[in-house]
Amino acid sequence: MYLRWTSKMLSVIILTLAIFNANAITFRGQPIQNVFQEYSLLDAIKFSMDEHVEFADGPDNFSSYVFKLQSEVKSPYRTILPESLKQFAIMITFRPETRSGGYLFSIVNPLDTVVQLGIHLSAAMTDKWNATLLYTDPMAKTSKKLATFEIPYAKKWQTIAFEVRFKEVVFFYNCNKTETQAVERSPEEMTFDSASTLYLAQAGSIIKGRFEVRMLFLYECYFFVCTG
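Per mature numbering (1 follows the signal peptide of the UniProt record, and there is no 0), the sequence shown runs over residues -24 to -1, 1 to 204.
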């Protein structure tokens, strides 16, 4: 399967949000109807009204959420995402407020000790960041990095996307495909513990990794889960 991220796809997300337009996606060049279910991670804010999460202006006159270091936005993962994941994609539009980095989001086990799925940004060089996708067997004792990609560090709006297939992860930066990495996913189908927690801009009280960051209200943080 090959997911092509295009500016047309972004505009469809802005306009429809809940209904995904299959014309914006091609798999091996052929449009397929009803191949994706779509989930917004920012729906977690509905379950955690926090005074440390603010509204601010984003690009193109859209609104954004500002996550402070003290913010505490979390939700039972089952209220936002499906029970299991096979092939899926994650897209996040964000603007960092500091260079310290941290988690854009995480799904953490019930003990808050292992990141089962998440995206973490960390400084690599003066003008570079590492964007890391974590993907961990629920039975593991420590978090596992599945793939890491280098992106420019810039205090401006940017979009990153990970397309996770069975044997590889494809990375997109600002809607352009930049790199593909071969991976060994274990397990191939991720099934979360029923008591796992979804965090935004951190990974819980033990792992921490708090991130001062803005996330766009309309493009926001999306999961696309293959159903075909």
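Where is the CB? At the ideal position from N, CA and C, for every residue including glycine.
query: Are at least three pairs of beta-carbons, each pair with one atom in the region 93 to 106 and one in the region 33 to 40, less than 8 Å apart?
result: no
Residues bridged to Asp33 [DSSP beta-bridge criterion]: Ser39
- request: Could you check which residue in Leu176, Phe142, Thr154 has the C-alpha nearest to that of Arg190?
  value: Leu176
- prompt: From the DSSP output, which residues share a beta bridge with Pro52?
  reply: Thr173
- prompt: Can you give the Cα-Cα distance for Glu155 and Leu87, rounded to whole angstroms?
  reply: 34 Å
message: Using 8 Å as the threshold, is the C-beta distance between Phe142 and Glu164 below it?
response: Taking 8 Å as the Cβ cut-off, Phe142 and Glu164 qualify as a contacting pair.
query: Based on the DSSP secondary-structure assignment, which residues constitute the bridge partners of Gly94?
result: Ser82, Leu110
query: Is Ala20 helix, strand or coil by DSSP?
result: helix
- prompt: Of the residues Lys22, Ser170, Glu73, which one's Cα is nearest the Cα of Pro114?
  reply: When Lys22, Ser170, Glu73 are compared, the shortest CA-CA separation from Pro114 is found for Ser170.
message: For Tyr129 and Asp33, what's the separation of their Cα atoms in angstroms?
response: The C-alpha of Tyr129 lies about 21 Å from the C-alpha of Asp33.
field: Whole-Å CB distance - Glu144 paired with Gln157, under 8 Å assumed
entry: Indeed they touch by this definition, with Cβ atoms about 6 Å apart.
message: For Phe81 and Glu160, what's the separation of their Cα atoms in angstroms?
response: 22 Å
- prompt: How should Ala116 be labelled, buried or exposed, when 16 other C-beta atoms within 10 angstroms of its C-beta is the threshold for buried?
  reply: exposed
query: What are the start and end residues of the alpha helix (DSSP H) that includes Ser119?
result: Premise fails: Ser119 is in no alpha helix (DSSP H) and is neither H nor E.
field: Cβ-Cβ distance between Asn150 and Thr167 below 8 Å
entry: no
message: Suppose contacts are defined by Cβ-Cβ distances below 8 Å. Is residue 226 in contact with Asn106 by that definition?
response: Because the chain is modelled from -24 through 204, residue 226 falls outside the range shown and cannot be assessed.
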